[in-house]
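Chains A and B supply the protein sequences, listed in that same order.
So the first sequence is residues 156 to 623, counted in this note's numbering.
So the second sequence is residues 156 to 623, counted in this note's numbering.
Read through the structure below, which is laid out as structure tokens, and then see the notes.
Number of protein chains: 2
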Amino acid sequence: MARRLVVVGADAAGMSAAAQARRLTGREEMEITAFERGHFSSYSACGIPYWVGGQVADRDRLIARTPEEHRARGIDLRMSTEVTAIDLDRRAVRVRPVGGGPGEIDGPLPGAAGEERWEPFDLLVVATGAEPVRPALPGFDAPGVHGLQTLDDGAALLRTLDRGSALRAVVVGGGYIGIETAEAMVRRGLSVTVLDRGEEPMSTLDPDMGRLVREAMQGMGIEVHTGPGAEVRAVRLGEDGRPRAVVTADAEHPADVVVLGLGVRPRAELARAAGMPIGEHGGILTDARMRVRGLEGVWAGGDCVEVYDLVAGGYRHVPLGTHANKQGQVIGSGVGGQRAAFPGVVGTAVSKVCELEIARTGLREKEIRAAGLPYVSVVVESTGRAGYYPGAEPMTVKMHAETGTGRLLGVQVVGREGAAKRVDAAAVALTARMTVDQVAMLDLGYAPPFSPVWDPIQVAARKAATAV
Amino acid sequence: MARRLVVVGADAAGMSAAAQARRLTGREEMEITAFERGHFSSYSACGIPYWVGGQVADRDRLIARTPEEHRARGIDLRMSTEVTAIDLDRRAVRVRPVGGGPGEIDGPLPGAAGEERWEPFDLLVVATGAEPVRPALPGFDAPGVHGLQTLDDGAALLRTLDRGSALRAVVVGGGYIGIETAEAMVRRGLSVTVLDRGEEPMSTLDPDMGRLVREAMQGMGIEVHTGPGAEVRAVRLGEDGRPRAVVTADAEHPADVVVLGLGVRPRAELARAAGMPIGEHGGILTDARMRVRGLEGVWAGGDCVEVYDLVAGGYRHVPLGTHANKQGQVIGSGVGGQRAAFPGVVGTAVSKVCELEIARTGLREKEIRAAGLPYVSVVVESTGRAGYYPGAEPMTVKMHAETGTGRLLGVQVVGREGAAKRVDAAAVALTARMTVDQVAMLDLGYAPPFSPVWDPIQVAARKAATAV
Chain A
156 MARRLVVVGA DAAGMSAAAQ ARRLTGREEM EITAFERGHF SSYSACGIPY
206 WVGGQVADRD RLIARTPEEH RARGIDLRMS TEVTAIDLDR RAVRVRPVGG
256 GPGEIDGPLP GAAGEERWEP FDLLVVATGA EPVRPALPGF DAPGVHGLQT
306 LDDGAALLRT LDRGSALRAV VVGGGYIGIE TAEAMVRRGL SVTVLDRGEE
356 PMSTLDPDMG RLVREAMQGM GIEVHTGPGA EVRAVRLGED GRPRAVVTAD
406 AEHPADVVVL GLGVRPRAEL ARAAGMPIGE HGGILTDARM RVRGLEGVWA
456 GGDCVEVYDL VAGGYRHVPL GTHANKQGQV IGSGVGGQRA AFPGVVGTAV
506 SKVCELEIAR TGLREKEIRA AGLPYVSVVV ESTGRAGYYP GAEPMTVKMH
556 AETGTGRLLG VQVVGREGAA KRVDAAAVAL TARMTVDQVA MLDLGYAPPF
606 SPVWDPIQVA ARKAATAV
Chain B
156 MARRLVVVGA DAAGMSAAAQ ARRLTGREEM EITAFERGHF SSYSACGIPY
206 WVGGQVADRD RLIARTPEEH RARGIDLRMS TEVTAIDLDR RAVRVRPVGG
256 GPGEIDGPLP GAAGEERWEP FDLLVVATGA EPVRPALPGF DAPGVHGLQT
306 LDDGAALLRT LDRGSALRAV VVGGGYIGIE TAEAMVRRGL SVTVLDRGEE
356 PMSTLDPDMG RLVREAMQGM GIEVHTGPGA EVRAVRLGED GRPRAVVTAD
406 AEHPADVVVL GLGVRPRAEL ARAAGMPIGE HGGILTDARM RVRGLEGVWA
456 GGDCVEVYDL VAGGYRHVPL GTHANKQGQV IGSGVGGQRA AFPGVVGTAV
506 SKVCELEIAR TGLREKEIRA AGLPYVSVVV ESTGRAGYYP GAEPMTVKMH
556 AETGTGRLLG VQVVGREGAA KRVDAAAVAL TARMTVDQVA MLDLGYAPPF
606 SPVWDPIQVA ARKAATAV
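What follows is the structure, encoded as structure tokens:
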């Protein structure tokens, strides 16, 4: 008789796992069932700001594979079905139909919520994702205050914007989601204010690099308020129950629409309740094969797990679609009996706000200090093309290296065209634990339209090499 | 008394060496003299096609540092002075002023050629560069037949083009210089024919990838003729002694101007005559510190040396400005008593023809077979951005990996925006001798404007991993 694989959560990690397991196992050998409490499967959450901003015309463009497509490939995908408990001893999950379905997102969900029942599994994949941080403060649960984590969130925000009265947007949080949302609002012609209680926006960068982002955003007409005074206290609502302003520690910022970009935390309560190991950042702990530690035949992946940090050691929570896809692939291979592994991350992230590209990999100064490593930092200005080639745009590269050994510890880049993906070479060098001397001598692509004769990353590495 | 460093050749390698040596040594400790037989120092030869094409307005934009600037920094740079012999026993070079100087390139050289004399050295740097391959065939030395190796070459070509009668250009050779020159001619409104006796243009790629370049060039209106029938036999001249056509094995291609893009060979006769070791590709042989093998206090770098191939082992001739600059930096550090090293190359090269970006790193199939390695190859189609993001352009990635070990052996990319510098991550992975499994799991930058959720390089690596 076929064994049964149950997948909890049908987005990047879960469905990558299911699809890869399906490729490697016959239907007579493995039955694959996936439960998804939402209305959509396998969509690009990262694309939502671009849908809101109008660069992506249509929600369905963000859906990589529909439930029907998954089913056609032999995965029994049950949409609008929430898993409410996992019993590892009985090897079963408790599920509850939540009703509704795609297309119903604008109104009440017609499908009645059903009875709970238990579904058995032989093998289990937990891919429950992450949930946005939403302050438990007055007014933050009002209509017109939007998260931007799901397609439903995106649709709700678009409905608010289509009301036509939304002229002023306040984005709470100046991280990736925050700045991408700020761009979307600018594109829609709103005046935009970004609030971040950190020293500078983009706290995934060192503050001096974050300042470059702030200055560029201000140059685009975006208001940016940071520091303790920018910490939010409440959303002040009008008589219609919709936002009028965001109240911070030291000001009140008029707002017709509020978008939350405060980041996400692992959605791991189900796993925790089942007795799975949870790390200090709230994510499920796995080994490199994405097997939940200490359990047989149970995997976890995507935004609900913690990942190994190859640079600092230890575990972090890094919710990114690219990791979720890779982890899903590794899980599916493991289900299929192969020995794939997800080795960990070096902390690479790229983003943009309008024409400004922002990238980081490795450790920030704060993280290096926390790791107790002696280090030097250098900052250089360079260009993305040979200085004489048309369209050579400036970029700033900051690099950290370990004193003594010269080991590369981190790179941040802020600039225009061609700045973001510049960190990839550094990300690979971090993975290989290269020194800045080695980075300076790497054989990177050079031609005048693509790079100065020393790539900006190598300009920084040369300078760092003289300082370590 | 100060020791004397003599540098032969004042372009990228020579002057990088001189400048770095100057930084590390006091003037009372080291006298630095450089001899340059041409009229320009420290210029970007790689930029010449863009000057000819009009993207770079002015020759002087290509000059990174003038002779005066070098002199102001304490380097005694003697322009228009050819080194005609090196005596390693007496530790002296024979020099001969050749007359002329910047600005005189359009007319006869006014400075009289001087008497030869000997100049002593304690330490020597040989940076004599490369010379373009020019067929010893009828008509190839006529006016209107141009190399494109030096600023003087560029100026001469521009004079031909400014005669106004140049309507048809034939470019002989479909490598980097050839295609960049073809773009320049297209930009100037000429009809352009490219001839290459290889199977496809861009023989630094595998033929199937070269075919993509051919098709794109043809789509731009460039005529491309390849194969044995396209081997040149002569330039047919008119009564004015200028080109009328390029005669090949099986056709005659009308031409008002002919540009040579047949590549370069090391200019190493001086070194050979002095008894320095020369490799099988005609370049000077050095160690990783760029010291000429078997000699004390003698370095060589830039287009006149062979470089170690980190992927295949053995030595190659890879004339690129980026290597020359790095080698010069290493030499200067060595002169200054530091232990810098140039570890070798992995064979990275990027180029473009109009909007088409072309990149390679590592080994081609031909080179893998020559090295006797068992291998698999995969080709994938991907895009430079998330598929749903505006401006997502297609790119083709070809990847080679060693059967059994899975070691990455080479990557080629042909595509539009963002294709070329994609090879950098692969170049670092080659340097670190990573497997395709490792490449597939690298933490590369992902966001919809910059990459699909699996970077195109990783799409290829995934596919290769299933095949090795």
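For glycine and all other residues, C-beta sits at the position ideal for the given N, C-alpha and C.
Bear in mind that the values here come from a model prediction, so they are computed numbers and not experimental data.
Among the options, the one whose alpha carbon lies nearest that of residue i
| i | options | result |
| --- | --- | --- |
| residue 348 (chain A) | A:358, A:367, A:328, A:197 | A:328 |
| residue 161 (chain B) | B:280, B:427, B:295, B:389 | B:280 |
| residue 621 (chain A) | B:178, B:291, B:350, B:250 | B:178 |
| residue 580 (chain A) | A:297, A:554, A:396, A:224 | A:554 |
| residue 199 (chain A) | B:612, B:467, B:404, B:601 | B:601 |
| residue 282 (chain B) | B:582, B:322, B:519, B:453 | B:453 |
| residue 193 (chain B) | B:584, B:175, B:170, B:164 | B:164 |
| residue 611 (chain B) | B:578, B:201, B:592 | B:578 |
| residue 507 (chain A) | A:332, A:455, A:386, A:300 | A:332 |
| residue 409 (chain B) | B:400, B:523, B:439 | B:400 |
| residue 415 (chain A) | A:390, A:527, A:317, A:478 | A:390 |
| residue 272 (chain A) | A:288, A:241, A:290, A:293 | A:241 |
Chain B within 8 Å of residue i, Cβ atoms only
| i | result |
| --- | --- |
| residue 553 (chain A) | no |
| residue 287 (chain A) | no |
| residue 573 (chain A) | yes |
| residue 257 (chain A) | Note that residue 257 (chain A) scores 49 on pLDDT, short of 50, meaning its location in the model is unreliable; the coordinates nonetheless yield the value given after this. It does not; no Cβ of chain B falls within 8 Å. |
| residue 199 (chain A) | yes |
| residue 442 (chain A) | no |
| residue 506 (chain A) | yes |
| residue 533 (chain A) | no |
| residue 545 (chain A) | yes |
| residue 616 (chain A) | no |
| residue 514 (chain A) | yes |
| residue 172 (chain A) | no |
| residue 541 (chain A) | yes |
N-terminal and C-terminal residue of the alpha helix (DSSP H) that residue i is part of
| i | result |
| --- | --- |
| residue 307 (chain B) | 306-317 |
| residue 369 (chain B) | 362-374 |
| residue 613 (chain B) | 611-622 |
| residue 580 (chain B) | 578-586 |
| residue 488 (chain A) | 476-490 |
| residue 529 (chain B) | Segment: none, residue 529 (chain B) is in no alpha helix (DSSP H) and carries neither H nor E. |
| residue 172 (chain A) | 167-179 |
| residue 593 (chain A) | 591-595 |
Check: residue i C-beta below 7 Å from any heavy atom of the ligand ZN
| i | result |
| --- | --- |
| residue 332 (chain A) | Although the ligand ZN was asked about, the structure shown includes no ligands whatsoever. |
First and last residue of the uninterrupted beta strand (DSSP E) at residue i
| i | result |
| --- | --- |
| residue 398 (chain A) | 398-403 |
| residue 241 (chain A) | 236-242 |
| residue 380 (chain A) | 378-381 |
| residue 191 (chain B) | First-last for residue 191 (chain B): undefined, no H or E at that position. |
| residue 158 (chain B) | 158-163 |
Close beta carbons around residue i, own chain, < 6 Å, minus the five adjacent residues each side
| i | result |
| --- | --- |
| residue 222 (chain A) | 196, 232, 234 |
| residue 665 (chain B) | With chain B represented from 156 up to 623, any question about residue 665 (chain B) goes unanswered, as that position is not in the structure. |
| residue 532 (chain A) | 555 |
| residue 364 (chain B) | 553, 567, 569 |
| residue 219 (chain B) | 197 |
is_contact[residue i, chain A] using C-beta, thresh 8 Å
| i | result |
| --- | --- |
| residue 454 (chain B) | no |
| residue 476 (chain B) | yes |
| residue 530 (chain B) | no |
| residue 412 (chain B) | no |
| residue 123 (chain B) | The first residue shown for chain B is 156 and the last is 623, placing residue 123 (chain B) beyond what the model contains. |
Close-in-space but distant-in-sequence residues of the same chain around residue i (CB under 8 Å, 5 per side omitted)
| i | result |
| --- | --- |
| residue 559 (chain B) | 529, 623 |
| residue 183 (chain B) | 157 |
Contact set for residue i: own chain, Cβ-Cβ below 7 Å, skip 5 residues either direction
| i | result |
| --- | --- |
| residue 361 (chain B) | 519, 520, 553, 567 |
| residue 574 (chain A) | 512, 514, 539, 550, 568 |
message: Tell me which residues of the region 486-504 of chain A have at least one Cβ-Cβ distance to chain B shorter than 9 Å, keeping chain order.
response: Residues passing the 9 Å Cβ filter: 495, 496, 497, 498, 499, 500, 501, 502, 503, 504.
message: Output needed in chain order: residues of the region 593-609 of chain B with a Cβ under 8 Å from some Cβ in chain A.
response: Flagged, chain order: 593, 595, 596, 597, 598, 599, 600, 601, 602, 603, 604, 605, 606, 608, 609.
query: Going along the chain, which residues of the region 197-229 of chain B sit with their C-beta nearer than 7 Å to a C-beta in chain A?
result: Only those residues of the region 197-229 of chain B whose C-beta falls short of 7 Å from the nearest C-beta of chain A are listed: 199, 201, 202, 205, 210, 211, 216, 217.
Residues of the region 577-592 of chain A whose Cβ lies closer than 7 Å to any Cβ of chain B, in chain order: Contact residues of the region 577-592 of chain A toward chain B are 578, 579, 580, 582, 583, 584, 586, 587 (C-beta to C-beta distance below 7 Å).
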